[in-house]
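One structure is given below, encoded as structure tokens.
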Amino acid sequence: MWQSGAVTHDLNTLLEEIRAELAEAGIEDPVADAELIVGHVLQESRGRVQALAVMGSAVTAQQADAIRDLAGERAYRVPLQHLTGKAPFRGIELAVGPGVFIPRPETESVAQFAIDALQQVPSAEPIAVDLCTGSGAIALSLANEVPTARVWAVEKSVEAHAWASRNVTALGGGRVELTLGDIADLDRRDWESTQLSRSFAPLRGRVNVLVSNPPYVPADMVPRDPEVRDHDPELALYGGADGLDIVRIISRVARDLLVPGGLLVLEHAELQGRMIRDLLTADGWRAAATHQDLTGRDRTTTAIANDD
Numbered sequence: 001m002w003q004s005g006a007v008t009h010d011l012n013t014l015l016e017e018i019r020a021e022l023a024e025a026g027i028e029d030p031v032a033d034a035e036l037i038v039g040h041v042l043q044e045s046r047g048r049v050q051a052l053a054v055m056g057s058a059v060t061a062q063q064a065d066a067i068r069d070l071a072g073e074r075a076y077r078v079p080l081q082h083l084t085g086k087a088p089f090r091g092i093e094l095a096v097g098p099g100v101f102i103p104r105p106e107t108e109s110v111a112q113f114a115i116d117a118l119q120q121v122p123s124a125e126p127i128a129v130d131l132c133t134g135s136g137a138i139a140l141s142l143a144n145e146v147p148t149a150r151v152w153a154v155e156k157s158v159e160a161h162a163w164a165s166r167n168v169t170a171l172g173g174g175r176v177e178l179t180l181g182d183i184a185d186l187d188r189r190d191w192e193s194t195q196l197s198r199s200f201a202p203l204r205g206r207v208n209v210l211v212s213n214p215p216y217v218p219a220d221m222v223p224r225d226p227e228v229r230d231h232d233p234e235l236a237l238y239g240g241a242d243g244l245d246i247v248r249i250i251s252r253v254a255r256d257l258l259v260p261g262g263l264l265v266l267e268h269a270e271l272q273g274r275m276i277r278d279l280l281t282a283d284g285w286r287a288a289a290t291h292q293d294l295t296g297r298d299r300t301t302t303a304i305a306n307d308d
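Letter 113 of the sequence shown, counting from 1, is numbered 113 in our numbering, and no numbers are missing.
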């Protein structure tokens, strides 16, 4: 919260200072990050920070020190979301931090395909599954935007599962079932062999939409951005030699779980669309199609479960 009283630092001057520091460090949008850092310390929205700057407001020495400390960490390429502890995603705000993949704006388009499909299901309680849920971003968006839906989510990482659990408790409204487990346990003939497979056995042939933002970075392609390379968990990034190891598992698992005509929705890298369409078609899916995100990049592939 902005404080009056013992003010010693002009807000505009402070913003200019940390914008310059962030720009020199190579931050993509130093203006936005500077305003968000100030907003976090002052407990104000970015719009309110802009208004305070226009009005020539000032901050206390303690607030200025906290702002400079966070700006310094951001200049070392610590993700902004790790500094604020939160990440906006569609209509919700997620708790995030070290150990969990930070949800990206492009994943909002992936969630939209799943939401649109769920809304068209002629059922009082459509069922969705989110594999590799991470922070729970997609699963919670489905539950939030399709209130009649029941959503099951799976996460392998203990650290990420802890963040997802926190978000599900805060935002799930009792409609998201979160499980810690390896989705490879669902890729078995014996659905009684593990705790995860036993919990999902009743869903076989009943799921209307299965969605995933899986690890899809090829093992030898290290991301360039320090925020991703140094801070996103490797388990959430790398998908084997060609990046599609987890996609192959999901293809098989989804065929068991989806109803005939159910929809599979996958996020992937821009150049993986054709490979994923070929993979899904070979696995017996129909109408495999790749779709562009809001920036015109091929980032989502959908397919429909066959009737057999």
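Where a beta carbon is used, it is the ideal one built from N, C-alpha and C, also for glycine.
What is the rounded straight-line gap between the Cα of residue 265 and the Cα of residue 17?
-> Straight across, the Cα-Cα distance linking residue 265 with residue 17 is about 44 Å.
Under the three-state reduction of DSSP, which class applies to residue 260: helix, strand or coil?
-> Here residue 260 sits in strand by DSSP.
Alpha-carbon spacing of residue 219 relative to residue 242, whole angstroms | Each residue's CA atom was taken as its position, placing residue 219 and residue 242 some 7 Å apart.
Sequence-distant residues of the same chain with beta carbon closer than 6 Å to residue 238, five excluded per side = Same-chain partners within the cutoff: 215, 217 and 219.
Kindly examine the ligand ADP and report whether one of its heavy atoms sits closer than 8 Å to the Cβ of residue 207.
-> By its list of ligands, the structure shown contains no ligand whatsoever, and the ligand ADP lies outside what it can speak to.
For the putative contact between residue 9 and residue 87, defined by C-beta atoms under 8 Å, what is the C-beta separation to the nearest angstrom?
-> The pair is not a contact, with the Cβ atoms about 28 Å apart (cut-off 8 Å).
If you scan the segment 173–229 from start to end, which runs of the beta strand (DSSP E) of 3 or more residues do you find wholly inside it?
-> Runs of the beta strand (DSSP E) inside the segment 173–229: 176–180 and 207–212.
For residue 90, three-class secondary structure by DSSP | Reduced to three states, the DSSP call for residue 90 is coil.
Should residue 125 be labelled buried (16 or more other beta-carbon atoms within 10 Å of its own) or exposed?
-> Per the 10 Å Cβ criterion, exposed.
Under 9 Å between C-beta atoms of residue 151 and residue 172 | In this structure, residue 151 lies near residue 172, with their beta-carbon atoms less than 9 Å apart.
Sequence ranges, alpha helix (DSSP H) only - wholly within the segment 18–70, length at least 4 = Counting only unbroken stretches of 4 or more residues, the alpha helix (DSSP H) elements lying wholly within the segment 18–70 are 30–42 and 46–54, in sequence order.
Drop a sphere of 10 angstroms on the beta-carbon of residue 122, count the other beta-carbons inside from all chains shown, and report buried for 16 or more, exposed for fewer.
-> Counting C-beta atoms within 10 angstroms of its own C-beta, residue 122 has fewer than 16 neighbours from the protein chains shown and is therefore classed as exposed.
With 16 other Cβ atoms within 10 Å as the buried cut-off, status of residue 288 = Residue 288 comes out buried.
Environment of residue 154 [buried if 16+ CB atoms lie within 10 Å] | Buried: at least 16 other Cβ atoms inside 10 Å.
Between 248, 252, 251 and 129, which lies nearest to residue 199 when the distance is taken from Cα to Cα?
-> Of 248, 252, 251 and 129, the residue nearest in Cα terms is 129.
In whole angstroms, what separates the C-alpha of residue 54 from that of residue 13?
-> The straight-line gap from Cα to Cα measures roughly 12 Å.
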